[in-house]
Amino acid sequence: MTQVELHRDALRALPAEEVPAYLTARSGLPGPRSNLELLTAFGDVAPAGLILDLAASPDEYLRACGTAAVGRLLVESPADTALTALLHARAADPSWRVREAAAMALQRVGDVDGAALRLLVQAWAHDPHPLVRRAAIAGVCEPRLLRDPATAAAALAACRAATDSVEALPADARRDPDVRTLRQALGYCWSVAVAGDPTAGLRAFAALERSPDPDTAWVVRENRKKARLVRLLPA
Numbered sequence: 001m002t003q004v005e006l007h008r009d010a011l012r013a014l015p016a017e018e019v020p021a022y023l024t025a026r027s028g029l030p031g032p033r034s035n036l037e038l039l040t041a042f043g044d045v046a047p048a049g050l051i052l053d054l055a056a057s058p059d060e061y062l063r064a065c066g067t068a069a070v071g072r073l074l075v076e077s078p079a080d081t082a083l084t085a086l087l088h089a090r091a092a093d094p095s096w097r098v099r100e101a102a103a104m105a106l107q108r109v110g111d112v113d114g115a116a117l118r119l120l121v122q123a124w125a126h127d128p129h130p131l132v133r134r135a136a137i138a139g140v141c142e143p144r145l146l147r148d149p150a151t152a153a154a155a156l157a158a159c160r161a162a163t164d165s166v167e168a169l170p171a172d173a174r175r176d177p178d179v180r181t182l183r184q185a186l187g188y189c190w191s192v193a194v195a196g197d198p199t200a201g202l203r204a205f206a207a208l209e210r211s212p213d214p215d216t217a218w219v220v221r222e223n224r225k226k227a228r229l230v231r232l233l234p235a
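Under UniProt numbering, the residue at position 235 of the sequence shown is numbered 235, and the numbers go up by one with no gaps.
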């Protein structure tokens, strides 16, 4: 039995009011790595009310657990705009762990409903907030999701839109920490997107390499270091 399965069983057996203490005691924090298996298990089995409560928690790990689990609620209630708004807000959370959980929530959606993921990613890749744009590319640039050709195309389009958004900024605005976080994500997401659709991806990456923009040049250099892209580039 895997750790995720063990945690699922334990969480199912607990009264809802005892779940936060269980999560906190096994969070792995403080430490170098939070317990992602536990976070995943919570998202699999937690009741909706508890998910929403934790997504608003002041505690970073509990808020991350709740945020990632919102993806399951969106799958169950795709027309619930309040859930989409909540996830959008968490995509720009001050905590990087919570922002990563928002991207994981998008991936939960994509595992079940690729079309719904693509709609969210298309909108978020053009969002005014750089951290929301970052969530869009981090969410869709997941290898398991890019086996679907339509989602692979959406990943390339999102990376291009997010890159264009950085290129459109004046130099002083690019020093904003949130913009730097977006650039950091572009530094690996492009390689994932290209690997998801090498034929279209290599054409898109070749166009990226022709850009005179210094931040785009940095993005190109970072992606060229990734083994998944090195394998695809001409010798």
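The beta carbon of each residue, even a glycine, is placed where N, CA and C say it ideally should be.
Residue i classed as buried or exposed, judged by whether at least 16 other C-beta atoms fall within 10 angstroms
{"i": "V230", "result": "exposed"}
{"i": "E142", "result": "buried"}
{"i": "A150", "result": "exposed"}
{"i": "G77", "result": "It is Ser, not Gly, that sits at residue 77 in the sequence shown. The residue is exposed, with fewer than 16 neighbouring Cβ atoms inside 10 Å."}
{"i": "D93", "result": "buried"}
{"i": "G110", "result": "buried"}
{"i": "residue 247", "result": "The chain is shown only over 1 to 235; residue 247 falls outside these bounds and no answer can be derived."}
{"i": "D127", "result": "buried"}
{"i": "M104", "result": "buried"}
{"i": "A25", "result": "exposed"}
{"i": "A82", "result": "exposed"}
{"i": "R221", "result": "exposed"}
{"i": "P32", "result": "exposed"}
{"i": "A58", "result": "In the sequence as displayed, the identity of residue 58 is Pro instead of Ala. With fewer than 16 Cβ atoms within 10 Å of its Cβ, P58 is classed as exposed."}
Contact set for residue i: own chain, Cβ-Cβ below 6 Å, skip 5 residues either direction
{"i": "W190", "result": "C159 and N223"}
{"i": "A46", "result": "A69"}
{"i": "V219", "result": "L186 and G187"}
{"i": "V192", "result": "C141"}
{"i": "T204", "result": "As written in the sequence, residue 204 is Ala, which differs from the Thr given in the question. L156."}
{"i": "R72", "result": "G43 and R108"}
{"i": "D213", "result": "E167"}
{"i": "I137", "result": "A158, C159, A162, A185 and C189"}
{"i": "Q3", "result": "E37"}
{"i": "S95", "result": "E60"}
Contact set for residue i: own chain, Cβ-Cβ below 8 Å, skip 5 residues either direction
{"i": "A55", "result": "R63, G66, T67, A69, V70, L86 and R90"}
{"i": "E5", "result": "A41"}
{"i": "D113", "result": "V75 and P78"}
{"i": "S34", "result": "S27, G28, Y61, A64 and R97"}
{"i": "R210", "result": "none"}
{"i": "P198", "result": "L232"}
{"i": "D176", "result": "P130"}
Presumed contact (8 Å Cβ cut-off) between residue i and residue j, rounded CB distance
{"i": "R147", "j": "A195", "result": "Wrong, their Cβ atoms sit about 11 Å apart, outside the cutoff."}
{"i": "G139", "j": "V121", "result": "7 Å"}
{"i": "T216", "j": "T181", "result": "Between T181 and T216 the Cβ distance is about 16 Å, and since that is not below 8 Å, they are no contact."}
{"i": "L117", "j": "L106", "result": "6 Å"}
{"i": "H7", "j": "L38", "result": "5 Å"}
{"i": "A135", "j": "R99", "result": "6 Å"}
{"i": "A168", "j": "A125", "result": "Wrong, their Cβ atoms sit about 13 Å apart, outside the cutoff."}
{"i": "A16", "j": "L50", "result": "5 Å"}
{"i": "A200", "j": "A153", "result": "7 Å"}
Sequence-distant residues of its chain with Cβ nearer than 7 Å to residue i (five each side left out)
{"i": "V179", "result": "P130, V166, L169 and A173"}
{"i": "residue 246", "result": "The first residue shown for the chain is 1 and the last is 235, placing residue 246 beyond what the model contains."}
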